[in-house]
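Listed in order, the protein sequences are those of chains E and S.
Take the first sequence: its position 295, counted from the start at 1, is 302 in this note's numbering, and no numbers get skipped.
Take the second sequence: its position 235, counted from the start at 1, is 242 in this note's numbering, and no numbers get skipped.
For every residue, glycine included, the Cβ atom is placed at its ideal position computed from N, Cα and C.
Since we're looking at a predicted model, the values are computed, not measured.
Encoded as structure tokens, the structure appears first; notes follow it.
There are 2 protein chains.
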Amino acid sequence: MFDSKNPQRTPISSLGEFGLIEHLTKNTILKQPSTALGIGDDAALIDQGEYYTAISTDMLVEGIHFDLSYMPLKHLGYKSVMVNLSDIYAMNGMAQHITVGIAVSNRFPVEAVEEIYEGINLACARYNIDLIGGDTTASHSGLILSITAVGRVEKPKLAKRSGAKNNDLVVVSGDLGGAYMGLQILEREKQVYLENPDMQPELNGHEYILERQLKPESRKDIIELLEGLEVVPTSMIDISDGLSSEVLHLAKSSEVQFNIYENKIPIDPSIFTLCEEFNMNTTTVALSGGEDYELLFTIALEDHDKIKANPNLTIIGYVKEGSGAHLITRDEKVVELKAQGFKHMEE
Amino acid sequence: MFDSKNPQRTPISSLGEFGLIEHLTKNTILKQPSTALGIGDDAALIDQGEYYTAISTDMLVEGIHFDLSYMPLKHLGYKSVMVNLSDIYAMNGMAQHITVGIAVSNRFPVEAVEEIYEGINLACARYNIDLIGGDTTASHSGLILSITAVGRVEKPKLAKRSGAKNNDLVVVSGDLGGAYMGLQILEREKQVYLENPDMQPELNGHEYILERQLKPESRKDIIELLEGLEVVPTSMIDISDGLSSEVLHLAKSSEVQFNIYENKIPIDPSIFTLCEEFNMNTTTVALSGGEDYELLFTIALEDHDKIKANPNLTIIGYVKEGSGAHLITRDEKVVELKAQGFKHMEE
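This is the structure in structure tokens:
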């Protein structure tokens, strides 16, 4: 109806998600005295005097972030909360509130939206979160969830992406690659089903990795553990896009070099068997798999004794002066780590 | 792939938007001591000791909330911020921060997303807001914007939907119906264009109402004005769905009866001419039009003198004991007001 004002057409794919956000927000001007941290970390920070309020927003879009042919709606509700809480925990804070926006087409009945809310409410109950607001609206096509998590970070405990220092140790919680391998199983069984709808999906024995994909937990327990151990990470990020990508974020924000030992990366034994079956490399899966929602952080060398015996935490490397990140392979070769998000792997 | 767990299929339309939200959140349990107000007002409130943090989330979905055939992307970005700030002002607070989530299909080039951000940045600059976070993601279909606004409300100034009292005066800012009539013009010209793409849209002379629809402002100035006048509204709401709907929200939350004089409702002179042309009733348009983003509030009778001379504010009625809302027509008949949102009018 009106003349196009877009004579130039640069495809979004040419920038990628991180590139696009960086491009769009490079001219952002912060003027509010209470803004302690803007775009570029897991959560933004508002200064409340004694403490910070941390805020993070994530959108989950049908067909991009989830596939309803194998993602139960209740799990989707649960996972969408986890994804957001994880960003608050990654600041070494406690998530307290969420708002939920849902855009839903009329192909969904009320009962479907109820199931999503069951998952959201279960997540809120387990993680002690209050659902305080939101928006429910029609959509002409898919289902979209947009959640904003709000939390509180005590000032002396704040862990940003920047802050890692020479000689710090690199630590990761839990194990990696499970969520990605769970997705492989689900995608395989979906193909089998599409070819023969009478076949029942073969999911037995894969409970752990399926749960990692369909019903991940965010690591509130690690934040409580660190508090108990009196350890404040020097830097922290959550692992949503894969270890490589997150290690590089910390290295870049902290202006140091990360060195990761391949043989230290925690991987569940079931992943090894499964990777053989799928003809995949376990390290690649752990480095690039994504969606594990574990925490990656650095601690000062003198805190080593406090965490070394903990089964939830694995020291996987160290920080030194420099830039970028290296993987020290099992045969002691040093390889440069490249960002290789989850999405790239699928292409 | 898995058996459906939805044998019951209640259509969402049978509940409506407000009904659905009420249905979904009726079992919400609030446990955080800092939660001062949850779902059910313009914004949620988190207690920060001396003051409240107000938070509100709104989603704007292509084809539901906007039509890109006549909504310029820059205006869309601007309006999406206004819609959210308006909810913070409606608590008698000052908006300070926003996070922005955008889901965008690859039919949009980078330049299109840049235009949306130009509008967002302009809104932030004019309203002194910091853009502190967000999410940009792919979408398989339309464009979706999800914005969360965060603000600060001084405790003695808080104005909730509840709080209107017997003998209070009902006040509205600006004028009503403009945004809806702007939409009528745009829809008419779109039809003309679809029938004959060589025709140029006839928009001259309709600048005011087109701006009301395409580039509304939120009423930060009214919050500042009330502060200057030392008036704290006893209750307040923003007019997004139409005067009727908002009056009934205040009446229900405050457990009182609202009485509105038809001849006091502020309507721009251009609306009268246009309503004749479209064979519409101006009062119906003002009552049910929606999207004006003006503020509707009540004040104590003794504050009457402070606001009476102000050209930005119109006293349109009074509160008495009881329930529901009445319209006192030009010929002094008393009619019960029914909620008749903007969406219903289009059907």
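- Per DSSP, reduced to three states, the secondary structure at S:Val68 is strand.
- At least 8 Å separates the beta-carbon of S:Leu232 from that of S:Asn113.
- In the DSSP assignment, E:Gly140 forms a beta bridge with E:Thr106.
- Note on geometry: alpha-carbon atoms of E:Asn135 and S:Asn317 lie some 47 Å from one another.
- Across the structure, S:Ala332 and S:Ile244 are spaced so that their CA atoms are roughly 15 Å apart.
- For the pair E:Val238 and E:Ile306, the Cα-to-Cα distance works out to about 8 Å.
- Taking the Cβ atoms as the reference, S:Arg219 lies roughly 7 Å from S:Asp299, within the contact range of under 8 Å.
- Per the coordinates, the alpha-carbon of S:Ser41 lies some 43 Å from the alpha-carbon of E:Gly329.
- In this structure, S:Met188 keeps its C-beta atom at 8 Å or more from the C-beta atom of S:Ile105.
- For E:Asn91, the enclosing alpha helix (DSSP H) stretches over residues Leu80 to Tyr96.
- For E:Arg195, the nearest beta carbon of chain S is not closer than 8 Å to its own beta carbon.
- Within the region 240 to 309 of chain E, the complete alpha helix (DSSP H) segments of 4 residues or longer fall at 250 to 261, 276 to 285 and 289 to 295, listed in chain order.
- The closest CA to that of E:Pro276, considering only E:Tyr268, E:Gly296, E:Phe265 and E:Thr289, is found on E:Thr289.
- In terms of CA proximity to S:Asn99, S:Asp48 leads the group S:Tyr77, S:Asp48 and S:Leu176.
- If you draw a straight line from the Cα of S:Ile246 to the Cα of E:Ala145, it is about 20 Å long.
- Straight-line measurement puts the Cα of S:Ile216 at about 14 Å from the Cα of S:His82.
- In this structure, the beta-carbon distance from E:Ser225 to E:Tyr124 does not fall below 8 Å.
- Between S:Pro240 and E:Thr17, the alpha-carbon positions lie close to 49 Å from each other.
- Taking the CA atoms as reference points, S:Ala51 sits about 54 Å from E:Lys340.
- Contact between E:Asn91 and E:Ala156 is confirmed by a C-beta separation of about 4 Å, below the 8 Å threshold.
- In chain order, Pro18, Ile19 and Ser20 make up the part of chain S whose C-beta sits under 8 Å from the C-beta of E:Asn113.
- One finds nothing in chain E with a Cβ atom closer than 8 Å to the Cβ of S:Gln191; even the nearest lies about 15 Å away.
- Remark: three or more beta-carbon pairs, one from each stretch, lie closer than 8 Å, so the region 146 to 153 of chain S and the region 64 to 74 of chain S are flagged as touching.
- Flagged as an interface residue toward chain S: E:Glu118, by a C-beta distance shorter than 8 Å.
- The three-state reading of DSSP puts E:Val341 in strand, counting E and B together.
- Using beta-carbon distances, E:Leu31 counts as an interface residue toward chain S, with a partner under 8 Å.
- Not one beta carbon of chain S lies nearer than 8 Å to the beta carbon of E:Gly181.
- Residue range Val117 to Tyr134 is occupied by the alpha helix (DSSP H) that includes S:Ile123.
- In the three-state reduction of the DSSP assignment, E:Tyr187 falls in the helix class.
- The three-state secondary structure of E:Ile19, taken from DSSP, is helix.
- For E:Lys172, there is no enclosing beta strand (DSSP E), since its DSSP letter is neither H nor E.
- For E:Gly70, a Cβ of chain S is located within less than 8 Å of the residue's own Cβ.
- Within 8 Å of the CB of S:Thr155, the CB atoms of chain E belong to Ile62, Thr64, Thr106 and Thr155, in sequence order along the chain.
- Between S:Gly158 and the set S:Met78, S:Ile230 and S:Phe304, the nearest pair of CA atoms involves S:Ile230.
- Excluding sequence positions up to five before and after E:Ile274, its CB lies within less than 7 Å of the CB of Asp182, Leu183, Gly184, Thr289 and Ala293, all in the same chain and listed in chain order.
- Remark: C-beta atoms of S:Gln191 and S:Phe285 approach each other more closely than 8 Å.
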